[in-house]
Amino acid sequence: MGAFTAIKIRLKTLCGNYTNQLERQLDFQQQSQRFLDRVQNDVNNFFKARSDEVYVKLQKAAELAASRDLEVPRCC
10 MGAFTAIKIR LKTLCGNYTN QLERQLDFQQ QSQRFLDRVQ NDVNNFFKAR
60 SDEVYVKLQK AAELAASRDL EVPRCC
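Quick note on the working numbering: the sequence shown kicks off at 10 and runs consecutively.
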């Protein structure tokens with residue numbers, strides 16, 4: 010019976026460690042995404058104030074990057 014208890018405890022520990030690792034990884038990914046979102050927002054605001062043409066192109070590029078469409082648009 011003691012061996013089963015030891016195995017059970019070890020499995021709980023391994024599962025807990027795995028869960029903690031996944032949570033840390035998700036937190037890191039969310040922090041990275043928030044940082045990139047802030048940078049994109051700052052760049053958009055910079056060009057919106059200085060060059061409407063560049064701002065419109067950035068918006069279109071962001072739209073295309075977020076698209077699930079695999080077709081490559083013809084440009085210029």
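Glycine included, every Cβ here is placed at the ideal spot set by N, Cα and C.
Mind checking whether residue i and residue j have CB atoms under 9 Å apart?
i	j	result
N53	L73	no
V63	F56	yes
In terms of residues, what are the limits of the alpha helix (DSSP H) holding residue i?
i	result
S41	G11 to R59
If you compare alpha carbons, which of the options is closest to residue i?
i	options	result
A71	S60, L45, R59 and A58	L45
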